[in-house]
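For the sequence shown, the UniProt record's numbering gives the first residue as 1, with consecutive numbering after it. We put the beta carbon where it would ideally sit given N, CA and C, even for glycine. A short write-up of the structure that comes next.
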Amino acid sequence: MPNIIILITAAFTAGIWCASYFMWLLPFLYVGSFIITVILIWRIHKQQSVTWLLPVLFFIIGMLRFIHADAFAINDISRYEGETITVYATIEETPHVTYLAQEKSRISYILAINEAQAKNTKKETASGKLYLYARQANQERVFKAGDKIKVTAEVIALHGYNNPGQYDSVAAAHLQGIRGRMSVAGNAIHLVSENHSFWKEIMEKWRIAIISNIERVMPPSHKAILVGMLFGGYGGIPRDVVADFATTGIVHILSVSGSHIALVVGVITVIGTGIFRRFTFADQLIPLFAALFITLYAVFCGLTPPVLRSLIMGLIGLGAVCLNREKDAAVALCLSVLGMLIYQPALIYDLSFQLSFTATAGLVFLNAKTVKMLESTIPLCLARPLGVTIAAQVGVLPFIAWHFNSFSLSSFVANLFIVPIIEGIVILGLFGAFSSMIVGFIGAICLVTCSLMISLVLQLTEWLADMPAAKMYVPSIGLAGSIIYYVLVSWVYGYKPKNMLSLKDTVERWPQRSAVVVLILVFCILVYRVYPAPLSVHFIDVGQGDAALITTPHGRAILVDTGGTLGESTDFDIGYRVLLPYLRHYGVLTIDYLFLTHGHQDHAGGAAGIAGEIPIKHIMLSRENYTQAVLNLLKAAPNSTRIAVYEGQKIELDGAVVNVLHADTGLSQKQPSNEVSSVIQVRYGKHSFLFTGDLPAQGEEEMLHSGRDILSTVLKVGHHGSKTSSTVKFLQTVDPEYAVISVGKNNSFGHPHEEIIQRLLVYGSKIYRTDEQGAIVFKTNGSTITVDTFLKD
1 MPNIIILITA AFTAGIWCAS YFMWLLPFLY VGSFIITVIL IWRIHKQQSV
51 TWLLPVLFFI IGMLRFIHAD AFAINDISRY EGETITVYAT IEETPHVTYL
101 AQEKSRISYI LAINEAQAKN TKKETASGKL YLYARQANQE RVFKAGDKIK
151 VTAEVIALHG YNNPGQYDSV AAAHLQGIRG RMSVAGNAIH LVSENHSFWK
201 EIMEKWRIAI ISNIERVMPP SHKAILVGML FGGYGGIPRD VVADFATTGI
251 VHILSVSGSH IALVVGVITV IGTGIFRRFT FADQLIPLFA ALFITLYAVF
301 CGLTPPVLRS LIMGLIGLGA VCLNREKDAA VALCLSVLGM LIYQPALIYD
351 LSFQLSFTAT AGLVFLNAKT VKMLESTIPL CLARPLGVTI AAQVGVLPFI
401 AWHFNSFSLS SFVANLFIVP IIEGIVILGL FGAFSSMIVG FIGAICLVTC
451 SLMISLVLQL TEWLADMPAA KMYVPSIGLA GSIIYYVLVS WVYGYKPKNM
501 LSLKDTVERW PQRSAVVVLI LVFCILVYRV YPAPLSVHFI DVGQGDAALI
551 TTPHGRAILV DTGGTLGEST DFDIGYRVLL PYLRHYGVLT IDYLFLTHGH
601 QDHAGGAAGI AGEIPIKHIM LSRENYTQAV LNLLKAAPNS TRIAVYEGQK
651 IELDGAVVNV LHADTGLSQK QPSNEVSSVI QVRYGKHSFL FTGDLPAQGE
701 EEMLHSGRDI LSTVLKVGHH GSKTSSTVKF LQTVDPEYAV ISVGKNNSFG
751 HPHEEIIQRL LVYGSKIYRT DEQGAIVFKT NGSTITVDTF LKD
């Protein structure tokens, strides 16, 4: 029975994953499920085995469930995309306030839509949710969760950064039912009625009061860390602290997860055992009290999806204890996963779900066997915590590799010495936070102690993160590689068919053959590493900006521009949040040359964020007065060689030739301008790529008069497709087979201009756009050229 449940859970999950490939087979899926159900009933009636039929049936059911869950309701708010409408909605969560310059604020609301009214039409019932962003003066009213409001604005589709290795913020929003966004001034929001939930209001008041008590007794950074540890969230925590926590593998402590729930259960169990040990039904009573406390804790944390998932798993585990079925942990895990996926199939694409499930699966299936392996070489007191860490890390490794491309070697030490201190902080912090509401001085003493313990954790974490090899690079292995990995792990740990030999028995039986297989695998890996790859040119989706990566046949890397966020929001570092994951995804650990065509924010704004994480050997700069973005880069990369670009400059890397075709000087200008954009051409074999930055028509004319060969296979269209660039004569001379426009979705500049699009089409160029196709990758061996896009047509 347990194996059947594991099988049908795996089959249902696989069906969800495969659903997007078989949506066109929907009628056949219904027919297939009906036929299999009939066969299943018939075989059960005949008392015949149905072991193979159940997984097949659940596989098809998984596909059907996802297809229906993925379909929008007929009255979904997304059907108004691109229209200016009036919505009547309820504010669903506590708004998030970001303070800007000049006494301004940016308020982020999540709206549950009740009704919508397009221009010159009647109000209609609508469903779904929207983000609402309001910019207003600090003294203006911020509405509360539960308020019913009316607002008129354009419904804009959600759009993230569509690159491999990138966190999919749009999918995460869709998982919450959020289908689009609106942006307004604060005074454009009109209150219809106040309808605050009594319990939500009480919880929010308690939460605000607790946070206020914490603020009174500890520094702001410590307060942010403690709030993150207790209730989840990264707000106010310094980025270097988050980076150190990530390096040492303990960043999960900043989001309420299964470990928090387990910790609360453990404390309640210890206390309950002391109080109720004389009671007859103590074994059932204590889990019930623990269930009550973790439910209250989850409600206090806001019942966000990760918290809710952890609560469900915790309640199922406590239920197993009440029923004396602790040994059925694997079944309980599979049932909880199956239930959550039936309710919300798209969870399999959620990062938090992937990590929490695979880590828990690692603990359930691998922990006991890992401890058994370790205790023969090290004391049991060390084997147990190390076993927990190893089992969880083995479980999540393919997902860590795909999303983060790193593996924390220091996590083994951190889990031995730092995690116990953090657990003490969480226990003492929860007691201090709630006791501060009743007996203030006791709570204050506890919270001050927590602050001292946080100081110790920060110091230990910093030392550990700065150690050599604290974190190692792990390449993404893809779906096929992940399946092979989990099959090998199962084999090593003894989860195999009965007639199959274990790894140990295989090596003992055929030692020479085993050694030959290992040597062949090592040889194949070495050949793969040294065999020259094609030259790759990546145009990365950085929104309204430019960024391109060139990787040579032997893995040398050239980065041309780094994108950057425009506008008031300066807390989003596009280099750190977008480019860095992309570079790591493709195994770029060192940048040989960084070319900044000019210093504007949308071309150089992400450079410092990259330089703080990846070594840059040479920085190639235009001869202009340095912008703040360039100054930040030079500060972050003091050991990089700084080189001013000039016309005629040539760099050769692995057969690829980089030529600087245009390099004006803007030193006489007070403000940097597009006119000083450097233009470089990368040539490999008979194919070439031309990068023009934001060079305007005047600069293009100067290049034409210089007589340099600018004929190119691929043109990065100047200034994001603006009318100020890409003149007729310039395009005639370049004669590009492909034209790439790096541009942001729904940008306020109107880029790319329709006139430029038509001009490129007239000259026969195939146009690719980062706002429509995401990352665009060209590969050439010098003779042929191929192109691939992240988003498919």
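Contacts around residue i, its chain only, beta-carbon distance under 6 Å, and the 5 residues preceding and following it disregarded
i, result
"residue 390", "370"
"residue 33", "60"
"residue 582", "163, 165 and 540"
"residue 171", "349"
"residue 559", "549, 591 and 594"
Neighbourhood of residue i by C-beta distance below 8 Å, restricted to the same chain and skipping five residues each side
i, result
"residue 77", "87, 113, 116, 126, 127, 128, 129, 130, 155, 179 and 180"
"residue 188", "134, 151, 152 and 153"
"residue 752", "717, 720, 721, 722, 741, 743 and 769"
"residue 423", "263"
"residue 489", "366 and 394"
"residue 448", "217 and 218"
For residue i: DSSP bridge partner residues
i, result
"residue 190", "150"
"residue 106", "98 and 135"
"residue 512", "DSSP, once it has assigned bridges, lists no residue as partnering residue 512."
"residue 61", "BP columns for residue 61 are empty, so no partner."
"residue 111", "91 and 130"
"residue 472", "407"
"residue 659", "650 and 681"
"residue 180", "130 and 157"
"residue 528", "Paired residue(s): none; residue 528 is not in a bridge."
"residue 124", "116"
"residue 343", "Partner(s): none; residue 343 has no beta bridge."
"residue 594", "559 and 619"
Continuous beta strand (DSSP E) stretch holding residue i: start and end
i, result
"residue 89", "84–91"
"residue 421", "Not the beta strand (DSSP E): residue 421 falls in the alpha helix (DSSP H), residues 419–435."
"residue 691", "687–691"
"residue 577", "From DSSP, residue 577 is part of no beta strand (DSSP E); its letter is neither H nor E."
"residue 359", "Note, residue 359: premise wrong, no beta strand (DSSP E); alpha helix (DSSP H) at 351–374."
"residue 714", "714–716"
"residue 617", "616–621"
"residue 538", "535–539"
Contact belief for residue i with residue j at Cβ below 8 Å, rounded distance in angstroms
i, j, result
"residue 405", "residue 468", "The pair is not a contact, with the Cβ atoms about 19 Å apart (cut-off 8 Å)."
"residue 225", "residue 454", "6 Å"
"residue 695", "residue 725", "6 Å"
"residue 699", "residue 603", "With 8 Å as the limit, residue 699 and residue 603 do not qualify as a contact, their Cβ atoms being about 15 Å apart."
"residue 436", "residue 213", "4 Å"
"residue 411", "residue 248", "6 Å"
"residue 161", "residue 518", "That pair is no contact at about 40 Å."
"residue 363", "residue 388", "7 Å"
"residue 167", "residue 351", "7 Å"
"residue 80", "residue 91", "Going by Cβ atoms, the distance from residue 80 to residue 91 rounds to 19 Å, so no, they are not a contact pair."
Buried versus exposed, by CB contacts within 10 Å (16 or more), residue i
i, result
"residue 223", "buried"
"residue 568", "At residue 568 the pLDDT is 48, less than 50, meaning the model places this residue with poor confidence; the figure from the coordinates comes in the next sentence. By the neighbour-count rule (16 or more Cβ atoms within 10 Å), residue 568 is not buried but exposed."
"residue 494", "exposed"
"residue 415", "buried"
"residue 45", "exposed"
"residue 499", "exposed"
"residue 41", "exposed"
"residue 20", "exposed"
"residue 3", "exposed"
"residue 701", "exposed"
Span of the alpha helix (DSSP H) around residue i
i, result
"residue 790", "Element bounds for residue 790: n/a, residue is neither H nor E."
"residue 755", "754–762"
"residue 174", "169–175"
"residue 731", "728–734"
"residue 745", "Looking at the DSSP string, residue 745 is not in any alpha helix (DSSP H), and its letter there is neither H nor E."
"residue 223", "220–231"
"residue 783", "No alpha helix (DSSP H) holds residue 783; DSSP gives it neither H nor E."
"residue 461", "440–465"
"residue 30", "26–45"
Same chain, Cβ closer than 7 Å to residue i, neighbours up to 5 away in sequence not counted
i, result
"residue 477", "398, 401 and 485"
"residue 103", "137 and 138"
"residue 55", "7, 8 and 11"
"residue 734", "690, 710, 711, 712 and 715"
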